[in-house]
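Quick note: the sequence shown uses UniProt numbering, first residue 1, plus one each step.
All residues carry an ideal CB built from backbone N, CA and C; glycine is no exception.
I have placed the structure first, in the form of structure tokens, so that the comments after it can refer back to it.
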Amino acid sequence: MDENTVYRVIREDEDSDKGIFAKAPEREHITIAGHVNNGSKKNFKGSKYISTTKSFEVALENATKDIMNAGKAQDLRIVQIDLEKVTNTYYDLTDPEVQDKYLVNSKGEPWEKVRRYVNKSQELLVEYSIPPEAIKLLGRPSEFSN
């Protein structure tokens, strides 16, 4: 696996040719752990972070199963992102040192639920935006040849 490559399933309202932008960049108070804990909830208004995954398999699963709707079938677009072309700060949440710094509860203790989730989803967060030159559109799973 190329450590400079991550993947993201993009929403229908996102255009990879224009770049990818955080849903709520003004919500500075949302922590990394808070973003991870709330990111898959329907009523979450977003944060300054953009979720990506280091695993193509995870992206493929997220593109084909709607986690907010009992795993209902879907066919969303997947993009590949070159981290060497990402200019904003990003956080590899699978890194134990990053987990110890950011994936803690309000008492500063390890937040195990959040850590289990990021390890399973191979999550890497990017702040604010991802420029178009870092993004390659791979397409929808239904378009991939087996």
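{"Query": "DSSP state of Gln74 mapped onto helix, strand, coil", "Result": "coil"}
{"Query": "CB-CB length for Leu93 against Ser16, believed under 8 Å", "Result": "Contact flag wrong, Cβ pair sits at about 23 Å."}
{"Query": "Through-space distance from Gln80 to Pro96, alpha-carbon basis", "Result": "24 Å"}
{"Query": "Simplified DSSP assignment, three categories, for Ser40", "Result": "coil"}
{"Query": "Sub-9 Å separation of Gly19 and Pro131 beta-carbons", "Result": "yes"}
{"Query": "Contact set for Glu133: own chain, Cβ-Cβ below 6 Å, skip 5 residues either direction", "Result": "Lys85"}
{"Query": "N- and C-terminal bounds of the beta strand (DSSP E) containing Ser51", "Result": "49-53"}
{"Query": "Cross-strand partners of Lys65 (DSSP beta bridge)", "Result": "Ala73"}
{"Query": "Through-space distance from Phe44 to Asn38, alpha-carbon basis", "Result": "6 Å"}
{"Query": "Burial state of Glu123, where buried means 16 or more other Cβ atoms lie within 10 Å", "Result": "buried"}
{"Query": "Residues that Glu123 bridges to, as DSSP identifies them", "Result": "Thr53"}
{"Query": "Unbroken beta strand (DSSP E) run spanning Tyr7, endpoints", "Result": "5-10"}
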